[in-house]
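Reading the sequence shown from the start, the letters are residues -24 to -1, 1 to 582 in mature numbering (1 follows the signal peptide of the UniProt record, and there is no 0). Using N, Cα and C, we set each Cβ at its ideal position, and we do this for glycine too. Note that the structure is a prediction, hence the values are computed from the model and not measured. Report on the following structure.
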Amino acid sequence: MGRVLVWLITAISLFTLSPRPAMSEPKHAIAMQGEPALPPDYTHFDYVNPDAPKGGSITYCVVGSFDNLNPFILKSLRTTARGMMDLTYGNLVFEPLMQRNYDEAFSLYGLLADSADMDSERKSIEFHLNPNAKWSDGEPVTPEDVLFTYDVFTDKGRPPYNARMSLIAKLEKTGDHSVRFTFNDKANRETPMIIALTPILPKHAFDKETFDKTTLKPLIGSGPYTIAQVAPGQRIVFKRNPDYWGKDVPAKRGFDNYDQITIEYFLNANAKLEAFKKGLCAIDDDGDPVKRERDLDFPAFHRGEVVSETFDTGIPPVVTGFLFNTRLPKFSNPVVRRALGMLYDFEWANKNLFGGKYTRTMSYWQNSELSALGHPADDREKALLAPYPGRVPPDVMDGTWKPPVTDGSGQDRKVLKAAFDLLKSIGYHVQDGTMLDPDGKPFGFEILTASQDEERLAGIYQRTLEKIGINVSIRSLDGDQIQSRKQRFDFEALIGSSGFNNSLSPGFEQLGRWSSEAAKAEGSFNLAGVADPAVDAAIEAMLRARSKEDYVAAVRVLDRLLISGNYMVPMQYNTQQWLAYWNYLEHPKKTPIFGYQLPTWWRKPN
């Protein structure tokens, strides 16, 4: 008995003295920086109508096709069905542990997990599952589902889901409704947020062995809708689940207001526009202000049956432009890319195509404190860049950099000469009207386009480049073809973007867009093939920053490096979002900082 007592006292002492992270009390929400804005007793997000009427149907229209309903596998990655997990139309079928509030920079509130407790160093987080959470077939959501999700994603999932387990030292069930993630040294302060946003799958409804096979069989999820009909490549019909478990969760009040959501697919933008005019599509979101004014000249708009509206946002604009595949030798020299970047005639395009309604894009976080524009590099930034001398030109370091400004004539010889001289300085020359590289080979490239609008912009760039002997060809592909080429990095140049959206809280997603590791991963969003240790270091500093000052400095360094690398030729932006929609729709009065949120709209009764 004495030995047992001694053993017991020793065990208790060891357990008490073993270093364990100091966990906080379970919280209803977590934030990347500071504290969440809404209190524990909040009833709904500020940008919804919590009493929005339920009922009716809506049809969204998209350009493209689909051959797969599973959004988590590499096969058909970029032609997966819309709506399953969707930034625009909502997570209709699959849900994460916590829900983002789009009126804060980066805060998450309880959903499948109604609370979470996280240690102060963010080395671990424990999620407490909502005991009412259920799959659409009525089975409860369990810790085993969370464990299965990470197991199947690691072995069979696509980027970025397949890499998340590499950040986790231990994943364990801690109770009937709880699961804890303990992170390793590869993780950073944003990792708990990423884990909270990862969609969870039902273990009982998936076969791990066949998980990576494409399927058109309706899948089981925990979301507010189930799949009612599938016409491959043409249409998906979602119907509200009358037994949806989360309809009274505060983070879901005012969302998911239609009984039926249909997503129709079209081969091109013109066909989609005609369908909108006929009333088949509920919404049109053309980004070209001149084109949309012309397109709205139809009877239903003049009768007031179609409404045109703009929405203000508070986030940096998405950077769109001509993106070079720097994996190719012809684009490996940043001086070449810098010369090519000088030759997009924004002033001509803005005057002749956009009615002067656009602004030139110059920064990846334009119009925010995270931008390098107008902000000279401080001591923090200089320290981050010290191991990489010469990466950033002086005008980018002091925040005064601007792209060349033309006279808008389409024939500005001074800009053409400056670009030509830059190429000449590294051995390029023109012979018989053709630009030759230092090896004497003709220099030119192909631009892939996915729409008539993209083709028109590529044509502007093509005409300018031809003036100094650079031969550019344009190839138009349909949605499936161009997405497949992107996935394999099988292109020279294309009109792309820096990501699906931009943010006031850039974080883990920047690894997928710009890191050296992502440059080698098929299906990643690092289309440009950026593989620069300085960029990797800037992202790492951003993810590990503990103070706001360190965080802002790291993002500005990343901005300076991306500007200096000339991986894209940024074009233009308009900070306002625009929609045309049929007047049977209504939306909340408040627009959050991330812009309009279609899942909060509703159909007027009768």
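Exercise. Using the beta-carbon count (16 or more within 10 Å), is residue 305 buried or exposed?
Worked result: Here residue 305 corresponds to residue number 329 of the sequence shown, with the count starting at 1. Looking at its Cβ environment, which holds fewer than 16 other Cβ atoms inside 10 Å, residue 305 is exposed.
For this session: May I ask you to verify whether the stretch 349 to 362 touches the stretch 425 to 437, counting CB pairs closer than 8 Å and requiring at least 3?
Result: Here the stretch 349 to 362 makes no contact with the stretch 425 to 437; the two share fewer than three CB pairs at distances below 8 Å.
Exercise. By a C-beta neighbour count over all protein chains shown, 10 Å radius and 16 as the cutoff for buried, is residue 199 buried or exposed?
Worked result: Locating residue 199 in the sequence shown gives position 223, where the first residue counts as 1. Result: buried.
For this session: Give me the Cα-Cα distance between residue 458 and residue 500, rounded to the nearest whole angstrom.
Result: The residue you call residue 458 lines up with position 482 of the sequence shown. The residue you call residue 500 lines up with position 524 of the sequence shown. C-alpha of residue 458 to C-alpha of residue 500: approximately 15 Å in a straight line.
For this session: Rounded to whole angstroms, what's the CA-CA distance from residue 5 to residue 12? Just pull it up for me.
Result: Position 29 of the sequence shown holds residue 5. Position 36 of the sequence shown holds residue 12. Approximately 6 Å between the Cα atoms of the pair.
Exercise. Taking just the CA atoms, how far does residue 149 sit from residue 468?
Worked result: Looking up residue 468 in the sequence shown gives position 492. Looking up residue 149 in the sequence shown gives position 173. Straight-line spacing of the CA atoms in residue 468 and residue 149 works out to 47 Å.
Exercise. Under three-state DSSP, which class holds residue 531?
Worked result: Position 555 of the sequence shown holds residue 531. The answer is helix: DSSP assigns residue 531 an H, G or I state.
Exercise. Taking the continuous beta strand (DSSP E) assigned at residue 76, which residues delimit it?
Worked result: Position 100 of the sequence shown holds residue 76. Note, residue 76: beta strand (DSSP E), 74 to 76.
Exercise. Buried or exposed: residue 66, going by 16 or more other Cβ atoms within 10 Å of its Cβ?
Worked result: The sequence position of residue 66 within the sequence shown is 90, counting from 1. Around the beta carbon of residue 66, 16 or more other beta carbons sit within 10 angstroms, so the residue counts as buried.
Exercise. Which parts of the stretch 347 to 427 are runs of the alpha helix (DSSP H), unbroken and 4 residues or longer, counting only runs that do not cross its ends?
Worked result: The qualifying runs are 355 to 361, 370 to 373 and 389 to 400.
Exercise. Anyone know if the C-beta pair for residue 206 and residue 57 falls short of 9 Å?
Worked result: What you label residue 206 is simply residue 230 of the sequence shown in a count that begins at 1. What you label residue 57 is simply residue 81 of the sequence shown in a count that begins at 1. Contact: yes.
For this session: Identify whether residue 540 lies in helix, strand or coil by the three-state DSSP scheme.
Result: In the sequence shown, the residue the question calls residue 540 occupies position 564. In the structure shown, residue 540 sits in a helix (DSSP, three-state: H, G or I).
For this session: Compute the beta-carbon to beta-carbon distance between residue 232 and residue 575, rounded to the nearest angstrom, for a pair I have assumed lies under 8 Å.
Result: Residue numbering aside, residue 232 sits at position 256 when the sequence shown is read from its first letter. Residue numbering aside, residue 575 sits at position 599 when the sequence shown is read from its first letter. By a beta-carbon distance limit of 8 Å, residue 232 contacts residue 575. Their separation comes to about 6 Å.
Problem set entry | residue 297 versus residue 46: straight-line alpha-carbon distance, rounded | As a first step, residue 297 must be located in the sequence shown, where it is residue number 321. As a first step, residue 46 must be located in the sequence shown, where it is residue number 70. C-alpha separation (whole angstroms): 30 Å.
Problem set entry | Cut-off 6 Å between Cβ atoms - residues of its own chain near residue 317, not counting five sequence neighbours on either side | The residue labelled residue 317 in the question sits at position 341 within the sequence shown. Excluding sequence neighbours, residue 317 sits near 542 and 545.
For this session: Confirm, please, whether the CB-CB distance from residue 176 to residue 125 is below 9 Å.
Result: For this step, residue 125 is matched to residue 149 along the sequence shown. For this step, residue 176 is matched to residue 200 along the sequence shown. In this structure, residue 176 lies closer than 9 Å to residue 125 by Cβ.
Exercise. Between residue 437 and residue 320, which are expected to be in contact by the criterion C-beta below 8 Å, what is the C-beta distance as a whole number of angstroms?
Worked result: The sequence position of residue 437 within the sequence shown is 461, counting from 1. The sequence position of residue 320 within the sequence shown is 344, counting from 1. The pair is a contact, with the Cβ atoms about 6 Å apart (cut-off 8 Å).
Problem set entry | Under 9 Å between C-beta atoms of residue 346 and residue 506 | On the sequence shown, position 370 is the one that residue 346 refers to. On the sequence shown, position 530 is the one that residue 506 refers to. With contacts defined as CB atoms closer than 9 Å, residue 346 and residue 506 fail to qualify as a contacting pair.
For this session: Go to residue 126, then tell me how far its alpha helix (DSSP H) extends in each direction, as first and last residue.
Result: Mapped onto the sequence shown, residue 126 falls at position 150. Where residue 126 is concerned, the enclosing alpha helix (DSSP H) starts and stops at 119 to 132.
Exercise. Which residues in the same chain as residue 110 place their Cβ atom closer than 8 Å to its Cβ, once the five residues preceding and following it in sequence are excluded?
Worked result: For the purposes of this step, residue 110 is identified with residue 134 of the sequence shown, where counting begins at 1. Taken in chain order, the residues that qualify are 116, 117, 198, 219 and 221.
Exercise. Where do the ends of the alpha helix (DSSP H) carrying residue 342 lie?
Worked result: Position 366 of the sequence shown, counting from 1, holds the residue named residue 342. In the DSSP assignment, residue 342 falls outside any alpha helix (DSSP H), carrying neither H nor E.
Exercise. Using the rule of at least 16 other Cβ atoms within 10 Å of the residue's Cβ for burial, across every protein chain shown, is residue 445 buried or exposed?
Worked result: The residue given as residue 445 occupies position 469 in the sequence shown. It is buried - the Cβ of residue 445 has at least 16 other Cβ atoms within 10 Å.
For this session: On the DSSP bridge assignment, give the partners of residue 552 in chain order.
Result: Here residue 552 refers to the residue found at position 576 of the sequence shown. In the DSSP output, where bridge partners are listed per residue, residue 552 has none listed.
Problem set entry | Straight-line Cα distance separating residue 341 from residue 201 | Position 225 of the sequence shown, counted from the first residue, corresponds to residue 201. Position 365 of the sequence shown, counted from the first residue, corresponds to residue 341. A direct Cα-to-Cα measurement between residue 201 and residue 341 gives close to 35 Å.
Exercise. For residue 165 versus residue 487, is the C-beta distance shorter than 9 Å?
Worked result: Locating residue 165 in the sequence shown gives position 189, counting from the first residue. Locating residue 487 in the sequence shown gives position 511, counting from the first residue. Remark: C-beta atoms of residue 165 and residue 487 do not approach each other more closely than 9 Å.
For this session: Note down, one range per segment and in chain order, each beta strand (DSSP E) of at least 3 residues found wholly within the stretch 229 to 303.
Result: Those beta strand (DSSP E) runs which fall completely within the stretch 229 to 303 and span 3+ residues are 236 to 242, 282 to 287 and 296 to 300.
Exercise. So who's on the other strand from residue 86, going by DSSP bridges?
Worked result: Against the sequence shown, residue 86 aligns to sequence position 110. DSSP lists 74 as partners of residue 86.
Exercise. Is the Cβ-Cβ distance between residue 106 and residue 88 less than 9 Å?
Worked result: Mapped onto the sequence shown, residue 106 falls at position 130. Mapped onto the sequence shown, residue 88 falls at position 112. Going by beta carbons, residue 106 and residue 88 fall inside the 9 Å limit.
For this session: Give the C-beta separation of residue 313 and residue 465 to the nearest angstrom, bearing in mind that I take them to be a contact with Cβ-Cβ under 8 Å.
Result: Translated into positions along the sequence shown, residue 313 becomes position 337. Translated into positions along the sequence shown, residue 465 becomes position 489. Contact doesn't hold; Cβ gap of about 17 Å is too wide.
Problem set entry | Proximity below 9 Å, CB of residue 335 to CB of residue 295 | Here residue 335 refers to the residue found at position 359 when the sequence shown is read from its first residue. Here residue 295 refers to the residue found at position 319 when the sequence shown is read from its first residue. No. Outside cutoff.
Exercise. Are the beta-carbon atoms of residue 158 and residue 141 separated by less than 9 Å?
Worked result: Mapped onto the sequence shown, residue 158 falls at position 182. Mapped onto the sequence shown, residue 141 falls at position 165. Taking 9 Å as the Cβ cut-off, residue 158 and residue 141 do not qualify as a contacting pair.
For this session: Take every Cβ of the stretch 260 to 269, pair it with every Cβ of the stretch 553 to 567, and state whether three or more of those distances are shorter than 8 Å.
Result: The answer is yes - the stretch 553 to 567 touches the stretch 260 to 269, with three or more Cβ pairs under 8 Å.
Exercise. So the alpha helix (DSSP H) residue 167 belongs to, where does it begin and stop?
Worked result: For the purposes of this step, residue 167 is identified with residue 191 of the sequence shown, where counting begins at 1. 167 to 173 is the span of the alpha helix (DSSP H), which, as asked, contains residue 167.
Exercise. Quick one: is residue 145 buried, meaning 16 or more other Cβ sit within 10 Å of its Cβ, or exposed?
Worked result: As a first step, residue 145 is located in the sequence shown; it is residue number 169 there, counting from the start. Its Cβ having fewer than 16 others within 10 Å, residue 145 is exposed.
Problem set entry | Cut-off 6 Å between Cβ atoms - residues of its own chain near residue 324, not counting five sequence neighbours on either side | Taking the sequence shown and counting its residues from 1, one reaches residue 324 at position 348. Cβ neighbours of residue 324 beyond the five flanking positions: 384 and 386.
Exercise. Under the three-state reduction of DSSP, which class applies to residue 307: helix, strand or coil?
Worked result: Position 331 of the sequence shown, counted from the first residue, corresponds to residue 307. In this structure, DSSP gives residue 307 a helical state, which the three-state scheme calls helix.
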